[in-house]
Amino acid sequence: MGYPHPSHPKETVVLSQYFGDAGARSYEGWTRRGGYEGLRKALGMAPDAIVEEVKASGLRGRGGAGFPTGLKWSFMPKGDGKPHYLVCNADESEPGTFKDREIMRWTPHALIEGCAIGAFAIGAEVCYIYIRGEFTEPWNVMTAAVAEAYANGALGTNVFGSGKRIEVILHRGAGAYICGEETALMNSIEGRRGNPRIKPPFPAVAGLFALPTTINNVETLAAVPQIMVRGSAWYKGLCLGNPKSTGTKLISVCGHVQRPGNYEITMGTPMKELIYDMCGGMLPGRTLKAVIPGGSSVPIMTAEEAESCVTDYEGVVAAGSMLGSGGMIVMDDTTDMVYQIWRLAKFYAHESCAQCTQCREGTSWTTRILGRILEGQGTQEDLDLLLDLSHNMTGTTICVLSDSCATPIVSGIRKFRGEFEAYLSGARAPVLAGV
Amino acid sequence: MTDRVEQGTAREPAAAWEPVFQGETLARLKALFEKYPTKRACLLPALWMVQEARGWIPEQAIGEVAEVLELTPAYVKGVVTFYTMYHTHPVGRHFIQVCTTSPCGLCGAEDTLRAILRETGCGELGTTSPDGRFTVVEVECLGACGFPTPILVDDADFIESVTPANAAGILARYP
Ligand SMILES: Cc1cc2nc3c(=O)[nH]c(=O)nc-3n(C[C@H](O)[C@H](O)[C@H](O)COP(=O)(O)O)c2cc1C
Ligand code: SF4
Ligand code: FES
Numbered sequence: 001m002g003y004p005h006p007s008h009p010k011e012t013v014v015l016s017q018y019f020g021d022a023g024a025r026s027y028e029g030w031t032r033r034g035g036y037e038g039l040r041k042a043l044g045m046a047p048d049a050i051v052e053e054v055k056a057s058g059l060r061g062r063g064g065a066g067f068p069t070g071l072k073w074s075f076m077p078k079g080d081g082k083p084h085y086l087v088c089n090a091d092e093s094e095p096g097t098f099k100d101r102e103i104m105r106w107t108p109h110a111l112i113e114g115c116a117i118g119a120f121a122i123g124a125e126v127c128y129i130y131i132r133g134e135f136t137e138p139w140n141v142m143t144a145a146v147a148e149a150y151a152n153g154a155l156g157t158n159v160f161g162s163g164k165r166i167e168v169i170l171h172r173g174a175g176a177y178i179c180g181e182e183t184a185l186m187n188s189i190e191g192r193r194g195n196p197r198i199k200p201p202f203p204a205v206a207g208l209f210a211l212p213t214t215i216n217n218v219e220t221l222a223a224v225p226q227i228m229v230r231g232s233a234w235y236k237g238l239c240l241g242n243p244k245s246t247g248t249k250l251i252s253v254c255g256h257v258q259r260p261g262n263y264e265i266t267m268g269t270p271m272k273e274l275i276y277d278m279c280g281g282m283l284p285g286r287t288l289k290a291v292i293p294g295g296s297s298v299p300i301m302t303a304e305e306a307e308s309c310v311t312d313y314e315g316v317v318a319a320g321s322m323l324g325s326g327g328m329i330v331m332d333d334t335t336d337m338v339y340q341i342w343r344l345a346k347f348y349a350h351e352s353c354a355q356c357t358q359c360r361e362g363t364s365w366t367t368r369i370l371g372r373i374l375e376g377q378g379t380q381e382d383l384d385l386l387l388d389l390s391h392n393m394t395g396t397t398i399c400v401l402s403d404s405c406a407t408p409i410v411s412g413i414r415k416f417r418g419e420f421e422a423y424l425s426g427a428r429a430p431v432l433a434g435v
Numbered sequence: 001m002t003d004r005v006e007q008g009t010a011r012e013p014a015a016a017w018e019p020v021f022q023g024e025t026l027a028r029l030k031a032l033f034e035k036y037p038t039k040r041a042c043l044l045p046a047l048w049m050v051q052e053a054r055g056w057i058p059e060q061a062i063g064e065v066a067e068v069l070e071l072t073p074a075y076v077k078g079v080v081t082f083y084t085m086y087h088t089h090p091v092g093r094h095f096i097q098v099c100t101t102s103p104c105g106l107c108g109a110e111d112t113l114r115a116i117l118r119e120t121g122c123g124e125l126g127t128t129s130p131d132g133r134f135t136v137v138e139v140e141c142l143g144a145c146g147f148p149t150p151i152l153v154d155d156a157d158f159i160e161s162v163t164p165a166n167a168a169g170i171l172a173r174y175p
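Chains as they are written, first to last, in our numbering: chain A, 1 to 435; chain B, 1 to 175.
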């Protein structure tokens with residue numbers, strides 16, 4: 001991790017090697033640390049060969065869905081004569097996730113380099129990096145780094161003398177979680193409301209400005225230069241669990257641990273080691289109650305599920321949840337699960353773009369019902385009603401924000417039903433929902 | 001995203017409208033036209049320029065933006081109101097967004113928010129303090145959950161690890 005704590009010996013430090021090292025932010029500092037070798041190497045390769053190398057590495061999208069990156073790149077049409085776009089998703093707004101911010105703050109050139117390689121590989125001359133509006137410091141660091149990259153020939157009309165044109169343009173968001181969804185993000189760049197689009201058409205066919213587009217997360221693209229330099233076999237070898245999950249993953253750990261922060265683990269690391277060894281475990285006298293391992297949109301895990309979980313895409317699914325963005329929210333025995341689930345529902349109700357009825361109504365009604373349970377006004381039927389609403393909110397809408405609101409509700413009622421019952425029976429004193 | 005601000009102290013005098021897009025600001029906007037295949041794509045950047053210049057997005061500016069980007073004012077307004085960082089009402093001299101989403105909430109964000117509301121004299125969310133100095137709103141996850149509680153001041157200063165104990169000292173930096 002390197003920031004704010006020194007890296008733990010159990011981490012595998014690849015992307016986070018220079019977190020906390022302000023010297024790595026400048027072009028000169030970055031090249032002195034081996035930077036831009038990956039881009040130089042890629043420029044000497046055929047675009048298809050880069051795609052094959054990334055495919056062979058096993059790299060999967062770090063934005064949430066875990067889709068194989070090389071495969072996604074290979075969907076881009078060839079020889080169609082149209083402009084192509086690469087879009088980098090730096091909207092990072094999934095509660096619990098704060099890794100892309102650190103990549104941009106400390107190693108902006110790693111991202112620029114990854115964007116340039118990705119753009120070259122998919123036949124794009126322009127890459128837009130969409131940075132959420134609230135990320136003022138990453139914006140400033142990235143702005144300075146992009147200017148330096150142009151000044152040094154790493155971007156522009158003749159990148160490192162290769163004759164290739166690669167532009168990187170920063171685009172600032174303006175406050176909307178939904179703009180992290182890839183098609184909403186494209187609408188937002190186009191100067192529209194951030195409403196997700198119905199798919200198909202998929203972005204590789206008609207994405208940004210209706211042209212073939214690939215969209216990737218910050219962490220995904222930042223890993224690419226390393227794969228170029230050290231090779232796909234090295235990356236693939238970083239694997240302790242399932243061979244389908246390779247490389248390192250930044251896990252943002254927050255909530256009730258002694259040392260919250262970003263931890264870079266080899267895929268397949270036991271979650272127990274992450275929570276207890278790297279993060280220092282719970283506060284004195286507290287015990288683990290629950291973990292949401294992949295940002296707030298994935299199922300809640302019980303302590304037992306978390307303690308026996310292998311941290312990779314397959315391992316977390318086997319333990320009843322999903323790795324998602326790797327934003328890990330840790331909750332100890334002082335946590336009121338009903339309150340936390342209400343607060344998550346409130347988040348989704350606030351962030352729904354309101355296009356779909358099931359989402360607009362569902363997020364708002366589940367929040368209200370959870371609120372009345374907390375206030376001691378709930379009835380036994382409310383739990384069934386919540387599950388029923390959640391069912392209607394799942395798999396029925398344009399994007400999965402609606403499903404994401406239902407997920408903690410369903411897993412929460414299933415795994416922590418007693419806490420809901422305590423409010424319903426009056427065994428637990430009502431609390432007021434909200435500040 | 002922040003909750004929309006419904007009240008505030010007017011900073012914009014009723015006097016004649018001084019256009020935002022002239023001179024250097026217009027040149028900056030025109031330079032952006034090079035970076036996108038459509039003028040419409042310059043809408044979010046143009047609105048940021050307005051907010052930087054005026055602190056919020058007045059009706060007249062919506063008309064101006066529509067004109068330079070060849071859009072209708074109704075379209076521009078539709079976009080402005082979608083994005084919660086754009087203010088459609090004047091706000092206090094310092095605009096403070098406090099994260100209270102679950103991860104920060106687990107670590108005491110609500111206490112921090114209460115302390116900030118008290119210290120600023122705002123009392124309530126979304127209102128401006130009687131001296132016009134502060135407006136405080138809740139914001140959903142700021143993407144810094146490991147440093148509870150982060151706050152964003154004036155769309156510019158991102159401050160981590162704010163607590164009820166250090167809140168007053170931080171606010172003192174904003175006269
Ligand atoms: C509601 C919603 C919000 C999302 N937010 C983000 C985000 O903030 N950052 C991100 O990289 N991906 C986010 N995603 C996933 C993107 O749609 C997309 O899958 C991802 O950027 C693809 O990049 P990857 O393949 O490199 O992971 C979100 C998806 C949904 C449905
Ligand atoms: S599911 Fe919700 S956020 Fe997604 S498109 Fe529909 S209304 Fe918008
Ligand atoms: S929940 Fe507060 S920054 Fe993410």
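Idealized CB from N, CA, C, for every residue including glycine.
Using a C-beta cutoff of 9 Å, does residue i count as contacting chain A?
i: residue 119(B); result: no
i: residue 156(B); result: yes
i: residue 191(B); result: With chain B covering 1 to 175 only, the question about residue 191(B) has no answer from this structure.
i: residue 40(B); result: yes
i: residue 86(B); result: yes
i: residue 1(B); result: Here the model assigns residue 1(B) a pLDDT of 46, short of 50, so the residue's position is not dependable, and the following value carries that caveat. Yes, residue 1(B) lies at the interface with chain A (some Cβ there is under 9 Å from its Cβ).
i: residue 43(B); result: yes
i: residue 48(B); result: yes
i: residue 6(B); result: Any reading at residue 6(B) is ruled out, since the residue's pLDDT is 46, under 50, leaving its predicted position unreliable.
i: residue 171(B); result: no
i: residue 35(B); result: yes
i: residue 105(B); result: yes
i: residue 145(B); result: yes
i: residue 148(B); result: yes
i: residue 69(B); result: yes
Which one or two residues does DSSP pair with residue i in a beta bridge?
i: residue 302(A); result: 290(A)
i: residue 99(B); result: 139(B)
i: residue 214(A); result: 86(A)
i: residue 295(A); result: 293(A)
i: residue 331(A); result: 290(A)
i: residue 262(A); result: 252(A)
i: residue 403(A); result: Paired residues: none, contrary to the question.
i: residue 127(A); result: 86(A), 168(A)
i: residue 158(B); result: 152(B)
i: residue 156(A); result: 166(A)
Within the 9 Å Cβ cut-off, does residue i reach chain B?
i: residue 435(A); result: Only weak support is given to the placement of residue 435(A): the predicted model assigns it a pLDDT of 45, under 50, and the question is left unresolved by the model.
i: residue 176(A); result: yes
i: residue 4(A); result: yes
i: residue 86(A); result: no
i: residue 122(A); result: no
i: residue 44(A); result: no
i: residue 359(A); result: no
i: residue 386(A); result: no
i: residue 127(A); result: no
i: residue 115(A); result: no
i: residue 305(A); result: no
Does at least one heavy atom of ligand 3 sit under 8 Å from the Cβ of residue i?
i: residue 201(A); result: no
i: residue 95(A); result: yes
i: residue 136(A); result: no
i: residue 404(A); result: no
At a cut-off of 8 Å, would you count residue i as near ligand 1, judging by its Cβ distance to the nearest heavy atom?
i: residue 181(A); result: yes
i: residue 72(A); result: yes
i: residue 126(A); result: no
i: residue 188(A); result: no
i: residue 92(A); result: yes
i: residue 347(A); result: no
Between residue i and residue j, which are expected to be in contact by the criterion C-beta below 8 Å, what is the C-beta distance as a whole number of angstroms?
i: residue 229(A); j: residue 111(A); result: That pair is no contact at about 15 Å.
i: residue 117(A); j: residue 50(A); result: 7 Å
i: residue 35(A); j: residue 113(A); result: 7 Å
i: residue 252(A); j: residue 98(A); result: 5 Å
i: residue 108(A); j: residue 141(A); result: 5 Å
For ligand 2, which residues count as neighbours when the test is a C-beta closer than 6 Å to any heavy atom?
-> 178(A), 196(A), 352(A), 353(A), 354(A), 355(A), 356(A), 359(A), 360(A), 397(A), 398(A), 399(A), 401(A), 402(A)
Using a Cβ-Cβ cut-off of less than 8 Å, list which residues of the region 76 to 102 of chain B approach chain D; keep chain order.
-> You won't find chain D in this structure, because its protein chains are A and B.
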